[in-house]
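Here is the structure we will look at.
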Amino acid sequence: MLAARTGAAGSQISEENTKLRRQSGFSVAGKDKSPKKASENAKDSSLSPSGESQLRARQLALLREVEMNWYLKLCDLSSEHTTVCTTGMPHRNLGKSGLRVSCLGLGTWVTFGGQISDEVAERLMTIAYESGVNLFDTAEVYAAGKAEVILGSIIKKKGWRRSSLVITTKLYWGGKAETERGLSRKHIIEEIVRAMTHVINQGMAMYWGTSRWSAMEIMEAYSVARQFNMIPPVCEQAEYHLFQREKVEVQLPELYHKIGVGAMTWSPLACGIISGKYGNGVPESSRASLKCYQWLKERIVSEEGRKQQNKLKDLSPIAERLGCTLPQLAVAWCLRNEGVSSVLLGSSTPEQLIENLGAIQVLPKMTSHVVNEIDNILRNKPYSKKDYRS
Numbered sequence: 001m002l003a004a005r006t007g008a009a010g011s012q013i014s015e016e017n018t019k020l021r022r023q024s025g026f027s028v029a030g031k032d033k034s035p036k037k038a039s040e041n042a043k044d045s046s047l048s049p050s051g052e053s054q055l056r057a058r059q060l061a062l063l064r065e066v067e068m069n070w071y072l073k074l075c076d077l078s079s080e081h082t083t084v085c086t087t088g089m090p091h092r093n094l095g096k097s098g099l100r101v102s103c104l105g106l107g108t109w110v111t112f113g114g115q116i117s118d119e120v121a122e123r124l125m126t127i128a129y130e131s132g133v134n135l136f137d138t139a140e141v142y143a144a145g146k147a148e149v150i151l152g153s154i155i156k157k158k159g160w161r162r163s164s165l166v167i168t169t170k171l172y173w174g175g176k177a178e179t180e181r182g183l184s185r186k187h188i189i190e191e192i193v194r195a196m197t198h199v200i201n202q203g204m205a206m207y208w209g210t211s212r213w214s215a216m217e218i219m220e221a222y223s224v225a226r227q228f229n230m231i232p233p234v235c236e237q238a239e240y241h242l243f244q245r246e247k248v249e250v251q252l253p254e255l256y257h258k259i260g261v262g263a264m265t266w267s268p269l270a271c272g273i274i275s276g277k278y279g280n281g282v283p284e285s286s287r288a289s290l291k292c293y294q295w296l297k298e299r300i301v302s303e304e305g306r307k308q309q310n311k312l313k314d315l316s317p318i319a320e321r322l323g324c325t326l327p328q329l330a331v332a333w334c335l336r337n338e339g340v341s342s343v344l345l346g347s348s349t350p351e352q353l354i355e356n357l358g359a360i361q362v363l364p365k366m367t368s369h370v371v372n373e374i375d376n377i378l379r380n381k382p383y384s385k386k387d388y389r390s
């Protein structure tokens with residue numbers, strides 16, 4: 001899958017961070033079964049909007065189960081052969097497309113080709129794949145293209161079926177020359193929507209989406225695609241964590257319900273801030289201690305950063321009560337949002353990845369009561385005028 005990125009960064013993020021994160025497009029390579037009584041049908045006809053939404057969800061889940069059972073029977077297999085059954089990793093549709101992605105994916109920003117060795121990268125991908133992860137994210141700018149090479153080399157070495165994987169990459173910051181970056185025809189063949197349509201038609205990608213685009217830009221791309229009979233984007237890559245909520249919780253739901261664009265989110269631990277490692281300053285071995293991440297260090301030691309650390313301390317008792325770590329709670333909190341198709345994890349050690357993957361077991365514990373407890377501590381829930389759940 002291909003993702004297109006846009007140019008300018010936020011006011012509090014350095015230009016370096018902007019280059020690594022603000023690109024404009026990506027590409028993906030590729031139960032109640034009993035019949036209802038008449039009285040129950042009459043009751044359904046008077047369901048509230050939210051009730052109708054839940055009913056539709058149950059109907060779609062039942063249809064998907066019937067289709068899966070038919071396919072397994074056709075192939076002389078059982079449900080024990082499915083990835084969900086063997087690993088416990090849930091899968092979700094990417095937006096309203098038919099593409100099924102693991103609700104947790106593995107990102108390669110900073111780590112592959114940079115912070116970790118190729119051997120550790122292989123170990124991380126192996127753990128992720130064997131845990132049911134089928135989504136791996138990279139970009140042409142990550143480690144100056146080295147991350148893409150390492151990712152491909154590991155897949156080839158492991159002999160994993162290409163059809164079992166969804167690979168997303170991003171375009172914009174390609175190289176140092178003016179003709180090696182951006183979204184011009186010279187760089188990706190043509191202007192964005194037409195270029196992405198060409199890439200898909202040529203079989204180089206299966207879907208395309210956006211990364212760090214505004215809702216208005218995404219809607220414009222969709223309109224252009226529909227006007228000229230081209231292929232629209234299917235999802236947006238957006239930052240989403242306990243301290244960054246506005247876009248994913250207010251803007252993207254409207255796009256999902258209007259044009260089917262889903263959310264693939266990154267940085268669930270806010271570049272490590274939510275991991276707890278910065279509670280007493282910046283450790284020497286941490287990412288924030290690196291020279292090129294001075295912007296992250298400044299964010300951590302700022303007044304707002306100290307307030308965030310205090311809130312994390314208040315969240316710790318909730319994590320303890322649920323029997324999980326703070327990072328697992330944070331990742332599960334992102335996943336509890338049904339509008340999120342997949343959460344991209346960024347880990348530099350096998351231990352970190354295994355811990356973060358454990359958020360799947362915490363997800364069922366994210367009840368409305370727990371979510372409200374977290375909101376009362378964070379006090380940053382964005383206000384939305386509309387309820388798109390119905």
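Just so we're aligned, residue 1 is where the sequence shown starts under UniProt numbering, counting upward by one. From the three backbone atoms N, C-alpha and C, an ideal C-beta is built for every residue, glycine too.
Query                                                                                                     : Result
The ligand SAH heavy atom lying under 6 Å from the CB of Val-371                                          : Absence of the ligand SAH is noted for the structure shown, with no ligands found whatsoever.
Anticipated Cβ contact below 8 Å, Asn-356 with Pro-382, distance rounded                                  : 25 Å between Cβ atoms; not a contact.
Uninterrupted alpha helix (DSSP H) stretches inside the region 262-335 (no shorter than 4 residues)       : 294-301, 303-322 and 326-335
Beta carbon of Gly-113 nearer than 7 Å to that of Ile-154                                                 : no
Classification of Trp-70 by the beta-carbon crowding that lies within 10 angstroms, buried from 16 upward : exposed
Three CB pairs or more closer than 8 Å across the region 233-242 and the region 259-276                   : yes
Contact under 7 Å by Cβ, Leu-135 with Leu-345                                                             : no
C-alpha gap between Thr-111 and Leu-55, whole angstroms                                                   : 43 Å
Gly-358 (DSSP reduced to helix, strand or coil)                                                           : coil
Ser-341 beta carbon less than 7 Å from that of Leu-94                                                     : yes
Alpha carbon of Ala-3 to alpha carbon of Asn-201, nearest angstrom                                        : 16 Å
Helix, strand or coil at Gln-115 according to DSSP, with G and I counted as helix                         : helix
Ala-3 in three-state terms, based on DSSP                                                                 : strand
For Ile-127, the three-state DSSP class (helix, strand or coil)                                           : helix
Which residues DSSP lists as bridging Asp-137, in chain order                                             : Gly-107 and Thr-168
Helix, strand or coil at Leu-20 according to DSSP, with G and I counted as helix                          : Low confidence applies to Leu-20: its pLDDT is 38, below 50, so where it sits in the model is not reliable, and the reading given next is rough at best. Of the three classes helix, strand and coil, the one that applies to Leu-20 here is helix, per DSSP.
Under the three-state DSSP convention, the category Ala-38 falls into                                     : Confidence at Ala-38 is low in this model, with a pLDDT of 41, below 50, so its placement is unreliable and no value can be given for it.
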